[in-house]
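One structure is given below, encoded as structure tokens.
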Amino acid sequence: MPIMAWTWTILVLVILAYLLREWTWRSMNKTKKLPPGPRGLPIFGNLHMFGKFPHRDLYRLAQTYGPIMHLRLGFVPTIVVSSPQAAELFLKAHDLVFASRPLSEAAKHVSYEQKNLSFSPYGPYWRNIRKMCTIELLSNLKINSFRSMRKEELGLLVMFIEKAAFDCMAVDLSAKVSSLSADMSCLMVLGKKYMDKDFDERGFKAVIQEVMHLYATPNLGDYIPYIGLLDLQGLTRRMKAVNKIFDEFLEKIIDAHVQSKDLNKIKDFVDIMLRFMGCEDSEYHVERSNIKAIILDMLVASMDTTAITIEWAISEVIKQPRVMKKLQKELEDVVGLERMVEESDLDRLEYLDMVVKETMRLHPAGPLLVPHEATEDITIEGFHIPKKSRLIVNAWAIGRDPSVWTDAEKFFPERFVGSSIDLRGHDFQLLPFGSGRRGCPGLQLGLTAVRFVVAQLVHCFDWELPNNMLPTELDMAEEFGLTVPRAKHLLAIPRRRLHK
Numbered sequence: 026m027p028i029m030a031w032t033w034t035i036l037v038l039v040i041l042a043y044l045l046r047e048w049t050w051r052s053m054n055k056t057k058k059l060p061p062g063p064r065g066l067p068i069f070g071n072l073h074m075f076g077k078f079p080h081r082d083l084y085r086l087a088q089t090y091g092p093i094m095h096l097r098l099g100f101v102p103t104i105v106v107s108s109p110q111a112a113e114l115f116l117k118a119h120d121l122v123f124a125s126r127p128l129s130e131a132a133k134h135v136s137y138e139q140k141n142l143s144f145s146p147y148g149p150y151w152r153n154i155r156k157m158c159t160i161e162l163l164s165n166l167k168i169n170s171f172r173s174m175r176k177e178e179l180g181l182l183v184m185f186i187e188k189a190a191f192d193c194m195a196v197d198l199s200a201k202v203s204s205l206s207a208d209m210s211c212l213m214v215l216g217k218k219y220m221d222k223d224f225d226e227r228g229f230k231a232v233i234q235e236v237m238h239l240y241a242t243p244n245l246g247d248y249i250p251y252i253g254l255l256d257l258q259g260l261t262r263r264m265k266a267v268n269k270i271f272d273e274f275l276e277k278i279i280d281a282h283v284q285s286k287d288l289n290k291i292k293d294f295v296d297i298m299l300r301f302m303g304c305e306d307s308e309y310h311v312e313r314s315n316i317k318a319i320i321l322d323m324l325v326a327s328m329d330t331t332a333i334t335i336e337w338a339i340s341e342v343i344k345q346p347r348v349m350k351k352l353q354k355e356l357e358d359v360v361g362l363e364r365m366v367e368e369s370d371l372d373r374l375e376y377l378d379m380v381v382k383e384t385m386r387l388h389p390a391g392p393l394l395v396p397h398e399a400t401e402d403i404t405i406e407g408f409h410i411p412k413k414s415r416l417i418v419n420a421w422a423i424g425r426d427p428s429v430w431t432d433a434e435k436f437f438p439e440r441f442v443g444s445s446i447d448l449r450g451h452d453f454q455l456l457p458f459g460s461g462r463r464g465c466p467g468l469q470l471g472l473t474a475v476r477f478v479v480a481q482l483v484h485c486f487d488w489e490l491p492n493n494m495l496p497t498e499l500d501m502a503e504e505f506g507l508t509v510p511r512a513k514h515l516l517a518i519p520r521r522r523l524h525k
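Residues in the sequence shown are numbered from 26 upward in steps of one, following our numbering.
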């Protein structure tokens, strides 16, 4: 069939599907009250209301329509939650109903038909791999087994910064922290660091960022039936290309681990998962495609989120010299100026904990939590939530809720003094890691890395902005993505603090 005729066929099918959907929707829901929300366009619904920063657009809409808002994204009914009280209803009181994930083209093409932990639908398979990841890969015992590796990698970064301090040179902290996070993730997951030349001509980090961008970009094929066949945005082509790159890379990783005879090395995540490959009698029975999906999931989930949170924390501390001095004073009192910070010091650093909480409140690495999907019809607060509705929790908006946070736009760690608010998913005012069944299982690993790196960089060095820039002049603009890093790299000049 000629391309033009094929295109017209798809468009006719879309229109017929839309008319059928509208008729079915109205007949089924005419007596049921949906949450308030803006009117949408035919076929496209409210998709046209999303700009470069969807979390900000949804926050503005919630000011008009409330903390439980209904949108129609293409053909998909979508509920947007923007307050702690509403988040608790969906992620705690009715957690089981919203424990699944919607299908998406990105998860299909990049994540091996949604076989990873983040995007797998709720069910026996997801429960088994979550149990495996929680017990075998992300337990405190496993996290602690890599403590010396984290210390060594961070020590290498400190040595590099010391040389820059001696030469009075500015350091690209965004790039250095990103590289550190990538190296630590690769060592834990894959057993070794991988340089750009070992991967693809674009480089390891660049392809990971491409994955994050593909996951974040609204894809018409996810919301409008048949339209994905046309690939109007070119996203499917890019997804398949990225998957091909990663698949070849991950196949080599698995083959190298299968052939390895080194019995003395610390077991990395791939080693552990290979124990269960092909074991029919194991509760964690996995095959190569499952392992590849989980490896990719672990790399994507750990690298960017950790680096971005560290980047924002250091940015805020530099921008607020008062906070820098107070944090350094705590580090002097607890650690002293004769040595570097050890991970065993972290639990005694209360102000550091407040700085990290405040960073995650203002700059959650994932401002919109990974979407949930309703597995059945349900009524919440008198509103009808149809089965297959997509649930979006705006963690960025919740962190700015004026009914919870005084001077919500201000970076003020002291707001947590005497506060019982935690960030582990129990308190819905602060949800950087999500909550409930689909909360992030890597929470402890992420928190450990963020606190350790921030503490070390602030303890070992004073930081000044280049070109006599004042702290208040530091640009804090964001860049679009599934995670939200700084738009401009953070450059700063270090001054050594430690006596040794």
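A virtual CB, placed ideally from N, CA and C, is assigned to each residue, including glycine.
Small disclaimer: the values here were computed from a predicted structure and weren't measured.
Assigned with DSSP and collapsed to three states, D197 falls in strand. Counting C-beta atoms within 10 angstroms of its own C-beta, F75 has fewer than 16 neighbours from the protein chains shown and is therefore classed as exposed. Using a Cβ-Cβ distance cut-off of 8 Å, the segment 406-424 and the segment 82-95 are in contact, since at least three pairs of beta carbons, one from each stretch, lie closer than that value. Relative to the Cα of Q345, the nearest Cα in the group Q284, V232 and V483 belongs to V483. Taking C-beta atoms as the reference points, M328 and A474 fail to come closer than 8 Å.
Taking the C-beta atoms as reference points, L394 is found nearer than 8 Å to A420. Excluding residues up to 5 positions away in sequence, V342, Y376, L377, V380 and V483 lie with their Cβ nearer than 7 Å to the Cβ of L352 in the same chain. The way I'd put it, the segment 333-341 doesn't touch the segment 189-197; fewer than three beta-carbon pairs between them come closer than 8 Å. The beta carbon of H524 lies closer than 8 Å to those of L362 and E363 in the same chain, with the five residues before and after it left out. V101: member of the beta strand (DSSP E) spanning V101 to V106, first to last residue.
Using a C-beta cut-off of 8 Å, the segment 452-468 makes no contact with the segment 479-496, since fewer than three inter-stretch Cβ pairs fall below that distance. Rounded to whole angstroms, G424 and F453 show a C-alpha spacing of 10 Å.
Our two residues, T404 and L114, have alpha carbons roughly 11 Å apart in a direct line. The C-beta distance from V267 to I278 rounds to 16 Å, too long to meet the 8 Å contact threshold. Comparing alpha carbon positions, the residue from E177, I186, G65 and G216 closest to K292 is G216.
For S444, the closest C-alpha among the options P519, E161, V429 and R85 is that of V429.
The alpha-carbon separation between V236 and R520 amounts to approximately 36 Å. The segment 282-291 and the segment 149-159 do not touch, with fewer than three beta-carbon pairs separated by less than 8 Å.
By the neighbour-count definition (other C-beta atoms within 10 Å, threshold 16), V442 is an exposed residue.
When DSSP states are grouped into helix, strand and coil, V135 belongs to the helix group.
Going by C-alpha positions, P109 is about 8 Å away from L455. A distance below 8 Å between beta-carbons, with the five flanking residues on each side excluded, links T330 to the following residues of its chain, in chain order: A390, G391, G471 and T508. Buried is the label assigned to C158, since at least 16 other Cβ atoms lie within 10 Å of its Cβ.
With a threshold of 16 other beta carbon atoms within 10 Å, Q88 falls short and is exposed. Shown here for P60: same chain residues with a beta carbon closer than 7 Å to its own, the five before and five after excluded, namely I93, M94, H95, I104 and F408 in chain order. Judged by beta-carbon spacing, A422 lies beyond the 8 Å limit of F123, meaning their Cβ atoms are not closer than that value. In the assembly as shown, H514 is an exposed residue. Its beta-carbon has fewer than 16 other beta-carbons within 10 Å. About 6 Å separates the beta carbon of L239 from that of L260, a gap short enough to meet the 8 Å contact definition. The C-beta distance from A480 to L356 rounds to 6 Å, short enough to meet the 8 Å contact threshold. Taking the C-beta atoms as reference points, V106 is found no nearer than 8 Å to V359.
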